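Taking it in order: structure first as structure tokens, then the write-up.
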Amino acid sequence: MLYSWNNWQSNAWLERRLRNATQALSLFQHHDGITGTAREHVVQDYAQMLNFGVRSCKFVMQQAVYRLLMEPEMYKPDFKRTYFELDESHWPGLEDDVRPTIIINKSNPRKYVAFHNSLPQWREELVELQVSTPYIKVTDIGNRTVLAQISPVWSWDNLFMNIITPRALTSKFILHFKVKVPPLGLTTYVVNLVSKKDVPSSTTFSKITIMTKVPFFVSLSDYPLEVQFAKLRNFHVQTSSSNVSFTKHGFLKIISGKANFPHVPIHIEFLKYGTKSWFADERSGAYLFLPNGPAKPLRIDNPTVLISEGVLETSVSTGLPFVIHKTILRDDDVEMRNYVNIGDMGNQEIVMRLTTNIMNGHEFYTDLNGFQILKRVNLNKLPLQGNYYPVPSSIYIEDELTRLTLLSAQPLGGSSLTSGQIDIMQDRRLKQSDGRGLGEGVLDNKPVLHMFRLIIESRRNCPQQPKDYAGGSLTANAHRQLQSLLHPIDKFIFKEQNWPGMKDSFGADHHSLDDDFEIGMLQHLPEVYQVGDKRTQDRVGLIMHRTQIDECDISDNYSGKINIRNLLGLQNNAEIFSSPLTFVETNEKITTDHVDFCPMEIKSFVIQR
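The sequence shown begins at 1 in this note's numbering and counts up one residue at a time.
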């Protein structure tokens, strides 16, 4: 997308990098590629290809960001240079010590950070960075101070007897602040060094409480607040709009306090599936899920619970031998992160279960590749594994009063085996082949980060679909949160201290679309030569999709119309044509300002700039 905003010189070789990345990533269209069900040396090759494709994309992205945020007369390209580091806090399996840390000191008293929004709506969201000192001030380019929150960075260590305890990293800290980024645009903020005595009121520090059976020593180095210790007990956390209760194990219990908000008790637990005995004809393996019965609870004893309370974000983390479970509260959003490390657990499959009092019966809903929502029915005549379905991005259960939606940042398997429950798989480690051609077990597990959003919504006065209706749809709030989860704001840390010729933003003139619109693709199209070898005008391909929003949540403001010229900030001489999804030809010219879309409709366009 970032590459598409400019027409690049042929000697930049950026298009070749993108083509190579596309070829590498196309491997993962195959089911064995995306699931990693292959022999160990093949899986290692998959990993190399994936990383090669991602690195190529990152290089092109940061080159494009630099050009978009430079004044044209000051732009002097160096197509071999890396101008920015990308901070990918959502990368699966990424540990904090691998993420870039913004080094702020007396010789480098400021750092510029650019933020990119790939969605066609304005976004004002909390972002997370790692900094080397807690004594900072965040400003925008106009030198206006921005409210910020500083927290320690924690590493969880397995001391002995599977006792997991947090340890503060003294050389880095987490920085949170809100950014406002235009649709398909960029904006820049500055992280500045301040002295201990000059810390502004806009820079706040999280209060840290550790609940444990046996207190231990914690060093926070330069962090200005002390750690408070407490005994294990049920507790609650107050946010700006709600009161959230937790169990003594650090698991979410109930969310309350909002007006007209359903109070739904939630019981979260981790369980494990085993596999059939050695004498069975077939056993679980890379392809087959053949459990030896219902899931059994995993033993958790008395884990250490870490509570970090701040003005922008509050989090509750609990350390278990197989997972670090973290609940994050931001305004009305509830996010859960599981850093899963199945270790050397053999022939076990870990699942997270949410149990509520929602009377959904045998019905639940999952998405189909993030596009449609399908009704699923738990059939007693099928074995347990027959009632599990893919969960690419969302699963929900509902009754006449309440809906519980679980959004996932990564494809997993899930089900609702009992009324009021949602099960979502976390990881699996199997010692044997299942006889489907692989000839190996699944033993090359790596620690992996799973991210979820939990949404509870009232269904009072909502129209009920006919019993035989086979589909479903997310509410506007759930769809917004899903887009935020799947398309996080990109963070580009400028590597130099000074940035002469910098523009404060890109895309401020882009017009925002309704929440039910999303961009499937914005792609620079190959050059086409005509008679006399004259190159055609710069061409861009655009694919737009309008999703189906739940009928209970449809707003009169959802017009179903888009203005492509205003969305992309096109010049008056730009021409827009309809086209097939492959962009191999152009059809009729779009002469009207607005293009109409029906729900679930996809349209593609070619733009000649």
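Heads up, the beta-carbon is just placed ideally off N, CA and C, and yes, glycines get one too.
Only a predicted model underlies this, so the values are computations on that prediction, with no experimental measurement involved.
Residue from the options with nearest C-alpha to residue i
| i | options | result |
| --- | --- | --- |
| GLN571 | SER578, HIS510, HIS545 | HIS510 |
| GLU124 | ASP550, ILE395, SER308, LEU312 | LEU312 |
| HIS545 | GLY560, ASP538, ARG539 | GLY560 |
| PHE79 | VAL305, TRP8, ASN105 | TRP8 |
| TYR273 | LEU454, VAL351, CYS598 | VAL351 |
| SER408 | ASP367, LYS375, VAL264, VAL595 | ASP367 |
| SER107 | ASN498, VAL595, ASN573 | ASN498 |
| ALA508 | VAL43, MET211, TYR112, VAL181 | VAL181 |
| ILE495 | LEU220, LEU50, LYS111, SER10 | Before going further, note that residue 495 is Lys rather than Ile in the sequence given. For LYS495, the nearest C-alpha among the options comes from LYS111. |
| THR355 | ILE342, ILE307, LEU404, GLY319 | LEU404 |
| GLY437 | HIS30, SER26, THR37, LEU525 | THR37 |
| SER241 | LEU449, PRO294, VAL340, ILE255 | ILE255 |
| THR314 | ASP468, SER206, LEU525 | SER206 |
Residue j beta carbon less than 7 Å from that of residue i
| i | j | result |
| --- | --- | --- |
| GLU15 | ILE493 | no |
| ASP399 | ILE358 | yes |
| ALA478 | ILE549 | no |
| LEU129 | SER202 | no |
| LEU193 | PHE506 | no |
| VAL60 | ARG17 | yes |
| ASP504 | ILE141 | yes |
| LYS213 | ASN158 | no |
| LEU430 | ASN347 | yes |
| PRO183 | SER512 | yes |
| PHE246 | VAL316 | yes |
| VAL334 | LEU454 | yes |
| HIS267 | THR318 | no |
| VAL138 | PHE177 | yes |
| SER308 | SER151 | yes |
| THR418 | PRO262 | no |
| LEU406 | ILE395 | yes |
Cβ neighbours of residue i in the same chain (closer than 8 Å, five flanking residues each side left out)
| i | result |
| --- | --- |
| LYS290 | Note that residue 290 is Leu in the sequence shown, not Lys. Taken in chain order, the residues that qualify are THR275, LYS276, ALA280, GLU282, ARG283, SER284, GLN385, ASP434. |
| HIS487 | SER118, LEU119 |
| LEU581 | ILE543, ILE602, SER604 |
| VAL65 | LEU2, TYR83, PHE84, ALA114, HIS116, LEU186, PHE492 |
| ASN6 | ALA64, ARG67, LEU68 |
| GLY413 | PHE289, TYR388, TYR389, PRO390, VAL391, ILE424, MET425 |
| GLN464 | GLU400 |
| VAL46 | Looking at the sequence shown, residue 46 is not Val but Tyr. LEU27, PHE28, GLY33, GLY36, ALA38, listed in sequence order. |
Outcome for residue i when other beta-carbon atoms lying within 10 angstroms are tallied against a minimum of 16
| i | result |
| --- | --- |
| PHE217 | exposed |
| GLN238 | exposed |
| GLY501 | exposed |
| VAL131 | buried |
| ASN243 | exposed |
| GLU457 | buried |
| VAL531 | In this prediction, VAL531 scores a pLDDT of 46, lower than 50, which makes its location untrustworthy; no coordinate-derived value is stated. |
| ILE34 | exposed |
| ARG460 | exposed |
| THR101 | buried |
| ALA470 | exposed |
| TRP278 | exposed |
| SER10 | exposed |
| ARG81 | exposed |
| ARG144 | exposed |
| ARG539 | buried |
| THR165 | buried |
| VAL98 | exposed |
| VAL323 | buried |
| LYS172 | buried |
Residue i: first and last residue of the uninterrupted alpha helix (DSSP H) it sits in
| i | result |
| --- | --- |
| SER56 | 40-68 |
| GLN481 | 476-486 |
| ASN566 | 564-568 |
| HIS31 | 31-35 |
Neighbourhood of residue i by C-beta, 6 Å cutoff - its chain only, sequence neighbours within 5 removed
| i | result |
| --- | --- |
| MET74 | GLY501 |
| CYS552 | CYS462 |
| CYS57 | ALA21 |
| ILE576 | ILE564, ILE590, PHE605, ILE607 |
| ASP516 | ARG546, THR547, ILE549, TYR558 |
| PRO411 | PRO392 |
| PHE251 | ILE268 |
Residue span of the beta strand (DSSP E) that contains residue i, given as start and end
| i | result |
| --- | --- |
| GLN23 | GLN23 -> not in any beta strand (DSSP E); alpha helix (DSSP H) instead, spanning 14-25. |
| LEU252 | 252-256 |
| HIS116 | 110-116 |
| GLY413 | 412-415 |
Cβ neighbours of residue i in the same chain (closer than 7 Å, five flanking residues each side left out)
| i | result |
| --- | --- |
| SER484 | GLU125 |
| GLY441 | GLY285, LEU430, LYS431, GLN432, SER433 |
| ILE103 | SER132 |
Closer than 7 Å to chain D by CB, residue i
| i | result |
| --- | --- |
| LYS76 | You won't find chain D in this structure, because it holds only one protein chain. |
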